[in-house]
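Engineer: The sequence shown: position 370 = 370 (UniProt numbering), numbered continuously.
We treat Cβ as the ideally placed atom computed from N, Cα and C, and that holds for glycine.
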Amino acid sequence: MYIKWNLTKKCTLNCKFCHNATERKDWSRDIGIEQLDQIISNISNHENLEGVSLLGGDPLDYQYILQLAERLEFHNISFGFITAGEEIYKGTYDAILLNKNLNFIGLSIDSLNPDTVKYVRNKDMLQRQLDSLDHIMNLRAKFNLNYKIFTNTIFMNVNQHEIINLVNFFKQKKVDKIQILEYKHSNKSAYDFSVGLEEELKFVNDISSYIRENQGEDFSELELCFLPEPGKDYLRRISLNENISRGTSSKCPIFRDTLFVSNDGFVYPCDNYKPYFRISQTTNEPEKTYKIENLIKKQLHTITEKNEYFKEVKSLARKPKEELFGNLEPCNKCNHLLKECFPCLQYSTSSTTQSFVYEDKCKFYMEISNF
Ligand SMILES: C[S@@+](CC[C@H](N)C(=O)[O-])C[C@H]1O[C@@H](n2cnc3c(N)ncnc32)[C@H](O)[C@@H]1O
Ligand code: SF4
Ligand code: SF4
């Protein structure tokens with residue numbers, strides 16, 4: 001069991017690409033210290049809790065982040081956090097970095113071009129991010145700490161030509177995992193940073209040339225999360241490199257035993273699938289609403305074992321793949337189905353309300369893979 005905890009909607013930044021932009025708040029509805037203690041007590045005795053990822057907004061902007069890290073250490077719960085890293089270099093968060101239960105830090109850096117960073121983040125902050133990267137590297141070396149250092153880069157139309165340079169830089173720095181994320185566009189956003197399939201293919205071909213030119217090097221830390229599994233097949237083939245990581249980007253969190261906690265303590269089995277109601281097969285109308293539980297009030301294991309929605313989702317995930325995805329094109333012909341790829345359960349055959357977002361992308365890479 002793994003928890004992704006969206007600690008706060010607050011963030012001192014105002015990035016143009018941010019999918020939380022419409023939800024970002026500068027006022028706080030985050031939990032206080034007493035409620036935090038209740039949540040910690042309700043998760044700390046869970047038998048299979050492998051770890052907690054602290055997310056946001058920016059998790060470092062949560063008022064009680066230092067106290068939270070202390071409590072996680074006290075209960076021996078492994079944790080990591082993802083941040084844009086604007087302030088870390090100052091040493092303000094060193095107490096968290098020195099925490100023996102800190103398992104990973106994810107730093108979001110999208111380009112080495114200061115103008116691109118200034119444009120997408122509405123702030124001239126690249127140098128501070130790079131200083132923060134050096135700071136976490138140096139501190140780890142100095143105190144012989146165990147945390148892993150990951151980088152997150154969003155694949156966008158404004159940085160696509162700068163990413164190979166960035167990957168090369170992260171490799172020189174010996175970053176443990178280099179993730180290139182899929183840009184998620186929101187219709188509410190005033191900006192659109194989407195990359196079309198043709199441009200994407202050009203990037204994949206360019207990065208494969210870079211990998212081939214550096215054939216002796218290990219690329220197992222590189223994860224092109226924006227590619228679906230047939231795209232990763234294509235990249236591995238043309239790069240002549242089978243070690244490029246597949247990562248877990250094609251695994252729906254329900255199949256990964258990951259659940260989500262929001263900043264007010266409510267628990268969800270999936271981050272995208274709210275509110276929880278069941279759609280009738282006959283009328284196509286919501287026929288049932290599920291109760292959403294709060295970790296301030298109940299133990300984690302009671303929620304995952306007794307809550308009706310958690311139980312139904314678990315039993316849905318156990319169904320045979322033909323029953324779940326038998327009608328879903330092109331998954332029903334794909335070798336990766338329920339092996340490397342676990343598509344979103346919203347697309348299972350019981351749901352007629354969704355159109356399948358990866359259909360075109362997967363078909364495209366399946367076709368060009370058969371060269
Ligand atoms: C929402 S942020 C939260 C943590 C922190 N504030 C940060 O920016 O790193 C988590 C990750 O999502 C990425 N992200 C934000 N908006 C995105 C979008 N529209 N599409 C894809 N990834 C996005 C960020 O770059 C970051 O790596
Ligand atoms: S730092 Fe993260 S949460 Fe804050 S605005 Fe940027 S992407 Fe969004
Ligand atoms: S076709 Fe379906 S199962 Fe195959 S990789 Fe794409 S989404 Fe996953």
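Cα separation between K177 and D218?
Structural biologist: 12 Å
Engineer: Take I65 and list the residues in its own chain whose beta-carbon comes closer than 6 Å to its own, dropping the five residues that flank it on each side.
Structural biologist: Contacts found: none.
Engineer: Within 8 Å, do at least three Cβ pairs link the region 27-37 to the region 77-87?
Structural biologist: no
Engineer: Mark E34 as exposed unless 16 or more other C-beta atoms lie within 10 angstroms of its C-beta, in which case mark it buried.
Structural biologist: exposed
Engineer: Let me know if T353 comes out buried or exposed under the rule of 16 or more other beta-carbons within 10 Å of its beta-carbon.
Structural biologist: Note that T353 scores a pLDDT of 45, beneath 50, so its modelled location is shaky and nothing firm can be said.
Engineer: Can you grab the Cα-Cα spacing for the pair Y89 / Y183, in whole Å?
Structural biologist: Distance between the alpha carbons of Y89 and Y183: 27 Å.
Engineer: Could you say which of V120, L133, L126, S108 lies nearest to P114 if we only look at CA atoms?
Structural biologist: Nearest to P114 by alpha-carbon distance, out of V120, L133, L126, S108, is L126.
Engineer: Could you tell me whether any non-hydrogen atom of ligand 3 is closer than 7 Å to the CB of Y358?
Structural biologist: yes
Engineer: Under 8 Å by Cβ, that's how I've got M156 and F193 pegged, so tell me the actual separation to the nearest angstrom.
Structural biologist: 4 Å
Engineer: How far does the alpha helix (DSSP H) with I65 in it extend, from its first residue to its last?
Structural biologist: First-last of the alpha helix (DSSP H) with I65: 65-74.
Engineer: Rounded to whole angstroms, what is the Cα-Cα separation between L36 and W5?
Structural biologist: Straight through space, the alpha carbons of W5 and L36 are spaced by roughly 12 Å.
Engineer: Straight-line CA distance for C15 to C270?
Structural biologist: 24 Å
Engineer: Here's a check: name, in chain order, each residue in its chain whose Cβ is nearer than 7 Å to the Cβ of I136, leaving out the five neighbours to either side.
Structural biologist: I88, L97, I105, I149
Engineer: Which runs of the beta strand (DSSP E), 3 residues or longer, sit entirely within the region 143-203?
Structural biologist: 148-155, 177-182
Engineer: Ligand 1 and F17: does any heavy atom of the ligand fall closer than 7 Å to the residue's C-beta?
Structural biologist: Distances taken from the Cβ of F17 to the heavy atoms of ligand 1 include one shorter than 7 Å.
Engineer: Since I207 contacts I164 with CB under 8 Å, what's their CB separation in whole angstroms?
Structural biologist: 6 Å
Engineer: Are L112 and S132 touching if we call contact CB-CB under 8 Å?
Structural biologist: no
Engineer: Assign T12 to buried or exposed, taking buried as 16 or more other Cβ atoms, counted over all protein chains shown, within 10 Å of its Cβ.
Structural biologist: exposed
Engineer: Can you tell me which of E308, L222, N138, Q346 puts its alpha carbon nearest to the alpha carbon of F169?
Structural biologist: Of the listed residues, the one whose Cα sits closest to F169 is L222.
Engineer: Where does G85 fall in DSSP's three states?
Structural biologist: Coil at G85, not helix or strand.
Engineer: Check this for me: beta carbons of I109 and T151, under 8 Å apart or not?
Structural biologist: For I109 and T151, yes; Cβs fall inside 8 Å.
Engineer: Kindly give me the distance between the Cβ atoms of F266 and N241, rounded to whole angstroms, as I take these residues to be in contact under 8 Å.
Structural biologist: With a beta-carbon spacing of about 43 Å, F266 and N241 fall beyond the 8 Å limit used to define contacts.
Engineer: Rounded to whole angstroms, what's the CA-CA distance from N370 to S239? Just pull it up for me.
Structural biologist: 15 Å
Engineer: Given 7 Å as the limit, tell me if C11 has its C-beta closer than that to any heavy atom belonging to ligand 2.
Structural biologist: yes
Engineer: Is D58 near ligand 1 - that is, is its Cβ less than 7 Å away from at least one heavy atom of it?
Structural biologist: Result yes, Cβ under 7 Å from ligand 1.
Engineer: Sorted by chain position, which residues of the same chain lie with C-beta nearer than 8 Å to Q215's C-beta, five sequence neighbours on each side aside?
Structural biologist: L240, N241
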